[in-house]
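One structure below.
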Amino acid sequence: AQSVTQLDSQVPVFEEAPVELRCNYSSSVSVYLFWYVQYPNQGLQLLLKYLSGSTLVKGINGFEAEFNKSQTSFHLRKPSVHISDTAEYFCAVNKEGNTPLVFGKGTRLSVIA
Amino acid sequence: DTEVTQTPKHLVMGMTNKKSLKCEQHMGHRAMYWYKQKAKKPPELMFVYSYEKLSINESVPSRFSPECPNSSLLNLHLHALQPEDSALYLCASSQDPGQARNQPQHFGDGTRLSIL
């Protein structure tokens with residue numbers, strides 16, 4: 171079985187400071203990993219994905235994530251956050267069979283002016 | 010702007026009403042999904058359609074009835090819902106059901122459903 175753990179339910183950070191949102195997964199097979207962002211009253215938007223190749227993945231809005239197989243992690247980072255980054259962030263991993271995504275519980279990023 | 014369009018954006022209905030949620034995409038995607046999302050929770054998968062055929066039903070109560078009339082449209086028919094069914098209902102699509110594991114899903118902005 172596959173699961174995703176987002177270690178922090180809430181992360182407050184000051185504007186222009188760096189941020190890291192943590193995600194760990196468990197899987198017995200090769201995985202595909204995704205980060206999604208959900209702004210208030212909207213659906214989920216793909217930030218970035220890791221399928222294979224380079225372990226450092228760059229996404230939209232200045233976000234990046236690093237796949238670490240030995241630590242089974244896929245942490246999301248941004249060197250300098252903006253107020254507009256305030257949102258809910260979900261890490262997701264594929265699931266065996268036909269169901270492609272298993273979501274973590276989400277991390278609420280709050281950027282403080 | 011989202012490429013997956015959901016209507017209506019908001020819906021209030023009584024427990025005896027019948028209503029439908031609609032989802033449309035024109036990206037040529039052949040996998041479509043319904044999710045239910047409660048406040049401060051991740052989306053929960055309800056149904057998956059692959060090539061217009063229902064491939065996954067995550068033990069959803071029969072008061073929710075999905076339908077995929079063609080490759081661009083996905084409906085969710087609602088009847089005799091309960092107050093606990095109040096939630097945000099999200100539709101999503103992905104390109105190729107055979108490659109679903111490595112493909113991102115594209116989400117609509119959802120329908121916020123309130124059951125009185």
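Quick mapping for you: the protein sequence lines, in order, are chains A and B. Counting in this note's numbering, the first sequence runs from 171 upward without gaps. Counting in this note's numbering, the second sequence runs from 10 upward without gaps. Backbone N, C-alpha and C fix where the C-beta goes; we use that ideal spot for every residue, glycine too.
Helix, strand or coil for R247/A? Go by DSSP, reduced to three states.
strand
With a threshold of 7 angstroms on Cβ separation, who are the neighbours of E33/B within its own chain once the five nearest residues in sequence on each side are excluded?
T14, S81, L82
At 8 angstroms on the CB atoms, spell out the chain A contacts of L99/B, in chain order.
G213, L214
Alpha carbon to alpha carbon, how far is L226/A from L216/A?
16 angstroms
Given that K219/A touches chain B, what residues does it touch there, using C-beta distances under 7 angstroms?
P113
Exposed or buried, P106/B, counting other C-beta atoms within 10 Å across all chains shown (16 or more means buried)?
buried
Three-state class that DSSP yields for N231/A in the structure shown:
helix
Closest Cβ-Cβ distance between F56/B and chain A: below 8 angstroms?
no
Interface residues of chain B around G274/A at Cβ under 9 angstroms?
P51
Rounded to whole angstroms, how far is the Cβ of F244/A from the Cβ of Y209/A, which I believe are closer than 8 angstroms?
Contact flag wrong, Cβ pair sits at about 21 angstroms.
In chain order, what are the residue ranges of uninterrupted beta strand (DSSP E) at least 3 long that sit wholly in the segment 184-241 of chain A?
189-191, 194-196, 203-208, 214-220, 226-228, 234-238
DSSP three-state assignment for S280/A, whether helix, strand or coil
strand
Interfacial residues, the segment 246-261 of chain A to chain B, with Cβ spacing under 7 angstroms:
F260
If the cut-off is 7 angstroms on Cβ atoms, which residues from the segment 18-49 of chain B count as contacting chain A, listed in chain order?
none
Verify whether the separation of the beta carbon atoms of P52/B and F204/A is less than 8 angstroms.
no
DSSP three-state label for E76/B, please.
strand
Examine chain A for any beta-carbon lying closer than 8 angstroms to the beta-carbon of D105/B, and answer yes or no.
no
How would you call G213/A, buried or exposed, if buried means at least 16 neighbouring beta carbons within 10 angstroms?
buried
Local conformation of R110/B per DSSP, three classes:
helix
Residues, ordered as in the chain, of the segment 66-88 of chain B that lie near chain A by beta-carbon distance below 9 angstroms:
E67
Classify H19/B as buried or exposed, calling it buried when 16 or more other Cβ atoms lie within 10 Å of its own Cβ.
exposed
Under 7 angstroms Cβ-Cβ, which residues of chain A neighbour D118/B?
Q212, G213
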